[in-house]
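For the sequence shown, the working numbering assigns the number -14 to the initial residue and increments by one for each residue that follows.
Heads up, the beta-carbon is just placed ideally off N, CA and C, and yes, glycines get one too.
These notes are about the structure you will find just below.
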Amino acid sequence: MKDVVIIGAGPAGLACAIEAGLRKLDYAVVEKGCLTNSINNFPVDMTFFSTPDLLEIGNAPFASLNFRPSRRETLNYYRTVSERHDLNVNCYEEVVDIKRKDNAFTISVKRLNVLEKSYYAKNIIISTGYFDIPKKLNIKGEESPKVSHYYTEGHQYYKMDVAVLGANNSSVEAALDLYRHGANTTLVHRGNDLGKKVKYWIAPELEKRINDGSINAFFNSELAEIRPNSIVINNNDSGAVEIKNDFLFALVGYMPDTNLLEKCGIRFNPDSLEPEFSEESYESNIKGAYLAGSIIGGRQTGKIFIETGRFHGKKIIEHILKERKQ
Ligand SMILES: Cc1cc2nc3c(=O)[nH]c(=O)nc-3n(C[C@H](O)[C@H](O)[C@H](O)COP(=O)(O)OP(=O)(O)OC[C@H]3O[C@@H](n4cnc5c(N)ncnc54)[C@H](O)[C@@H]3O)c2cc1C
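Encoded structure:
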């Protein structure tokens, strides 16, 4: 029986694991993909907006040659920290069920998609983030294989007609990257200008590309339908227009998976998806079940990020130790 099982090896889960190890708790981290799976799935050449010091966990210095670290450097940093702390991380093990009985948890895991084993623990920490469920568009054609909710890199779209939905950082960066890789790029956004949170160093470049016609942009516009070789865009002023389209990136956001919360009885607001928890200990309404990292923000995915979620582990592990003494 473990003292604690940590579900999810993102920055928040790893910070919990470091703290558990330092305080001599018997723990395991269970991760459905690779180490820092969400970051691994970010665009290949992306750069973080945070400076390296703000992404550090376990007081391990993050030395980067850049003012803002790249995805590759950040993956390398979390891998090195995990190695140095000899973290007990079990990759490609997806938690599919959690049951609580007699003050203990049974955590059922599928390893590489095969239902293989269970962990038993006195406490659990759910740190599964929000990157697994893309927001739906609810329009005709959405299930087409040409639609993707994750952008990786641009080379394969050379000379193709590609549309990007949204005008947040992810959409703007994807549109610029597609343009740089020779795609005929269109940005579609329901607002009348770029999102206010778009990084100040990339917004001017997009504006320039739109103004000189290198990137087509439809503002005040909704995507109405996805067809095999085209998309239909509804502009608030000029009405419907159909344009050629081979691929579509619907980068309109993500939301946390509440499945595991439901399985172990953790209450959450059905609209905002924010779980119930104590601000002091991060314990949920279920004794021994804790929450760490960005899952806490529910649909507000910008509420908790690496810079803030990395501190949850210390409070959680302190609370687990305090409860053990009583
Ligand atoms: C493009 C982009 C750029 C960003 N830049 C920054 C930045 O510069 N600075 C910053 O602070 N934040 C940034 N963020 C936000 C940041 O990445 C997230 O807030 C952060 O990853 C949340 O950490 P986490 O550990 O809570 O969740 P995650 O990193 O999402 O980790 C959750 C982990 O849980 C795993 N998991 C999920 N379900 C299960 C299951 N059932 N069983 C087992 N494992 C499971 C996932 O595979 C994943 O590895 C950015 C986000 C994006 C999308």
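{"query": "Reference R96, options L276, L150, R69 and C19, closest by Cα", "result": "C19"}
{"query": "E58 - containing beta strand (DSSP E), residue span", "result": "Here E58 belongs to no beta strand (DSSP E); instead the alpha helix (DSSP H) covers R56 to R69."}
{"query": "Cβ shell of A160 (< 7 Å), same chain only, five flanking positions each side left out", "result": "V149, T170, L172, L191 and I200"}
{"query": "Length-filtered (4 minimum) alpha helix (DSSP H) runs lying within the segment -8 to 42", "result": "-4 to 7 and 22 to 25"}
{"query": "CA nearest to the CA of S35, picked from G167, E128, V14 and P54", "result": "P54"}
{"query": "As assigned by DSSP and simplified to three states, the class of L258", "result": "coil"}
{"query": "Residues near P37 by beta carbon distance below 6 Å, same chain, minus five either side", "result": "F47, S49 and P54"}
{"query": "Heavy atom of ligand 1 within 7 Å of S23 beta-carbon", "result": "yes"}
{"query": "Three or more C-beta pairs below 8 Å linking the segment 113 to 120 and the segment 216 to 225", "result": "no"}
{"query": "Pick from L60, F33, A202 and R165 that is closest to L179, judged by C-alpha positions", "result": "A202"}
{"query": "Ligand 1 heavy atom lying under 7 Å from the CB of S112", "result": "yes"}
{"query": "Any non-hydrogen atom of ligand 1 closer than 7 Å to K17 Cβ", "result": "yes"}
{"query": "Terminal residues of the beta strand (DSSP E) in which R96 lies", "result": "A89 to R96"}
{"query": "Heavy atom of ligand 1 within 7 Å of V314 beta-carbon", "result": "Nothing about residue 314 can be read from this structure; the chain reaches only from -14 to 311."}
{"query": "8 Å contact criterion, which A277 and I301 should meet: CB distance rounded", "result": "6 Å"}
{"query": "For G224, three-class secondary structure by DSSP", "result": "strand"}
{"query": "Helix, strand or coil at Y275 [DSSP, three-state]", "result": "strand"}
{"query": "Beta-ladder partner(s) of K144, from DSSP", "result": "Looking at the DSSP assignment, K144 forms no beta bridge with any residue, so it has no partner."}
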